[in-house]
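Asker: Got a structure for you, questions after.
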Amino acid sequence: MYALAGTLWACTTGNWHLDYEAAAIDRRVVGPAGLRDAIAARRVPLARVTPWPELQDILCEVLLSEPDNRPTAGELAALIGTMET
């Protein structure tokens with residue numbers, strides 16, 4: 006669900022959901038294992054650019070929740086479906 010929410014964020018905003026610069030992380034230097042460790046330790050904040058705040062608020066909840074507390078794909082779809090168009 007984390008990957009789905011991150012992908013939806015990127016597809017709908019045109020921006021990655023994590024702000025590596027704010028965390029002073031150079032992705033090229035730390036490599037995949039370092040990125041994975043930083044994300045797992047929650048050292049990388051979410052991006053502050055919010056072109057679609059209503060959707061991003063929903064996605065933030067998924068991205069910031071513990072794995073066992075994240076909605077299913079169906080539940081996320083229902084949450085997104087409640088947004089006003």
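Residues 6 to 90 (the working numbering) make up the sequence shown, in order.
Heads up, the beta-carbon is just placed ideally off N, CA and C, and yes, glycines get one too.
Tell me whether Val67 is buried or exposed, calling it buried when 16 or more other Cβ atoms sit within 10 Å of its Cβ.
Answerer: With a 10 Å radius around the Cβ and a threshold of 16 neighbouring Cβ atoms, Val67 comes out buried.
Asker: Considering only the alpha carbon of each residue, which of Arg33, Ser70, Val34 and Ala28 lies closest to Gly11?
Answerer: Ser70
Asker: Ile44 to Thr55, Cα distance in whole Å?
Answerer: The straight-line gap from Cα to Cα measures roughly 20 Å.
Asker: Would you mind stating whether Leu60 and Thr87 have Cβ atoms separated by less than 8 Å?
Answerer: no
Asker: Go ahead and label Trp57 buried or exposed: buried means 16 or more other beta carbons lie within 10 angstroms of its beta carbon, across all protein chains shown.
Answerer: exposed
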